[in-house]
Amino acid sequence: TSLEKAREVLHEHRIEKLPVVNKHFELKGLITIKDIEKRIMYPNSCKDGHGRLCVGAAVGVGPDTADRVARLKKAGVDVIVVDTAHGHSRAVLDTVKMIKRKYPDLELIAGNIATAEAARDLLRAGVDAVKVGVGPGSICTTRIVSGAGMPQLTAIADCAKVLAGTGVPVIADGGIKFSGDITKALAAGASSVMLGGLLAGTDESPGETELYQAGTYKVYRGMGSIGAMERGGGDRYGQGGRPVQKLVPEGIEGRVPYKGKLSAVIYQLIGGVKSGMGYCGCKTISDLQQKATFIRQTVAGLRESHVHDVIITKEAPNYRTDWE
14 TSLEKAREVL
24 HEHRIEKLPV
34 VNKHFELKGL
44 ITIKDIEKRI
54 MYPNSCKDGH
64 GRLCVGAAVG
74 VGPDTADRVA
84 RLKKAGVDVI
94 VVDTAHGHSR
104 AVLDTVKMIK
114 RKYPDLELIA
124 GNIATAEAAR
134 DLLRAGVDAV
144 KVGVGPGSIC
154 TTRIVSGAGM
164 PQLTAIADCA
174 KVLAGTGVPV
184 IADGGIKFSG
194 DITKALAAGA
204 SSVMLGGLLA
214 GTDESPGETE
224 LYQAGTYKVY
234 RGMGSIGAME
244 RGGGDRYGQG
254 GRPVQKLVPE
264 GIEGRVPYKG
274 KLSAVIYQLI
284 GGVKSGMGYC
294 GCKTISDLQQ
304 KATFIRQTVA
314 GLRESHVHDV
324 IITKEAPNYR
334 TDWE
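Numbered according to my numbering, the sequence shown spans residues 14 to 337.
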């Protein structure tokens, strides 16, 4: 029975639930009016072959990784992310090969990386996508603490160049301050972006809400912060199991302004990306990557790009002044 047919039956008989049975009249499923309403409301939601929302899970490179992946696969996970701060390491490459050997049909993402060599090695190991970004996040201190990293736009472009034509997409992770940064990341070769700080102030984010100096904020912490490491995040930075006083953080804990509903923020971000693509005369991301050109900009040019020589009396929903 198709969902359209099920909708007709539900409407005709004024009922909200429709059991699905096989030829032996054994119950195999249940279609509800809520299922149909959600399909209409969210037509572009990411679903598997059974109409369920796709679910991903992150794993590390520790001794329990194989067991964790096996349990996740049994539970029906759709994609696995080998998620570490340093994705171009022997441990990550070996883990990727192990997972692909055991579960060749399981979608696999690995990261984080920042160089063309890393992208090439992960491609050879068998990944289905790479996550690019070492140190660009608003709450990340990796580049300052360790001295390692790469400017995000350069990292995206370098990795995308190596992966062009392979079918392995680039996920740009971090460094997005405004919607225009998403447009630039896509133009540089990314197929998608990961957002942290931009969404941390929304209702749906897990951070606690705080009042501070007559303003409303939400708590936001990096995976490399002491607080996150205490609760299991240390493995991502190769520091799992260490006592608190021995942890070397690569992130901070802070607060971001409260923004309200996630949908309103996403609406503005999508609008900004559409506008950027329109300025470039592009209808698709593929067009943008082929037509867009980059120029070198000075600090003076950057300041000119932002609001200047005026006192803002009413804030816009897609701009903030604390961008420096």
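Glycine included, each C-beta is placed from N, C-alpha and C at the ideal position.
(message) Comparing C-alpha positions only, which one of K231, G100, R309 and G89 sits nearest to V143?
(response) G100
(request) Taking I152 and G264 to be in contact with their CB atoms under 8 Å, please state how far apart those CB atoms are, rounded to whole angstroms. (result) 5 Å
(request) Mind reading off the beta-carbon distance from R27 to I49? Whole number of angstroms is fine, and I expect it under 8 Å. (result) The Cβ separation is near 14 Å, so there is no contact.
(request) Evaluate the contact criterion for the stretch 187-196 versus the stretch 270-289: three or more CB pairs, one atom per stretch, below 8 Å. (result) yes
(message) Short of 7 Å in beta carbon distance, which residues of its chain neighbour D134, apart from the five on each side in sequence? Order them along the chain.
(response) H101 and L106
(request) In angstroms with no decimal places, state the Cα-to-Cα distance between A201 and L43. (result) 45 Å
(request) Look up K115 in the DSSP assignment and say whether it is helix, strand or coil. (result) helix
(request) Using beta-carbon positions only, say whether Y233 and Y271 come within less than 9 Å of one another. (result) no
(request) Can you say whether P117 is buried or exposed, counting buried as having 16 or more other CB atoms within 10 angstroms of its CB? (result) exposed
(message) Assuming L212 and L275 are in contact, meaning their beta carbons sit under 8 Å apart, how far apart are those beta carbons, in whole angstroms?
(response) 6 Å
(request) Starting from R27, follow its DSSP beta bridges and name the residues at the other end. (result) DSSP, once it has assigned bridges, lists no residue as partnering R27.
(message) Only counting the same chain, and skipping five residues up and downstream in sequence, which positions put a Cβ closer than 6 Å to that of D141?
(response) E120 and L121
(request) Report the rounded CA-to-CA distance for L16 versus L23, giving the unit in angstroms. (result) 10 Å
(message) Could you give the first and the last residue of the continuous beta strand (DSSP E) run that contains S204?
(response) Run containing S204: none; DSSP gives neither H nor E here.
(message) Quick check on G73: buried or exposed, where buried means 16 or more other Cβ atoms within 10 Å of its Cβ?
(response) buried
(request) Determine the direct distance from the alpha carbon of G150 to that of E243, and round the result to whole angstroms. (result) 20 Å
(message) I'd like the ranges of any beta strand (DSSP E) spanning at least 3 consecutive residues and lying wholly in the stretch 111-164.
(response) 120-126 and 142-145
(message) Among the candidates M236, G214 and N331, whose CA atom is the shortest distance from the CA of G228?
(response) G214
(message) Can you tell me whether D186 is helix, strand or coil according to DSSP?
(response) strand
(request) Might you give, ordered along the chain, the residues of its own chain that have their beta carbon closer than 7 Å to the beta carbon of T45, omitting 5 neighbours on each side? (result) E29 and K30
(request) Go ahead and label V6 buried or exposed: buried means 16 or more other beta carbons lie within 10 angstroms of its beta carbon, across all protein chains shown. (result) What the structure shows of the chain is the stretch from 14 to 337, and residue 6 is not part of that stretch, so it cannot be assessed.
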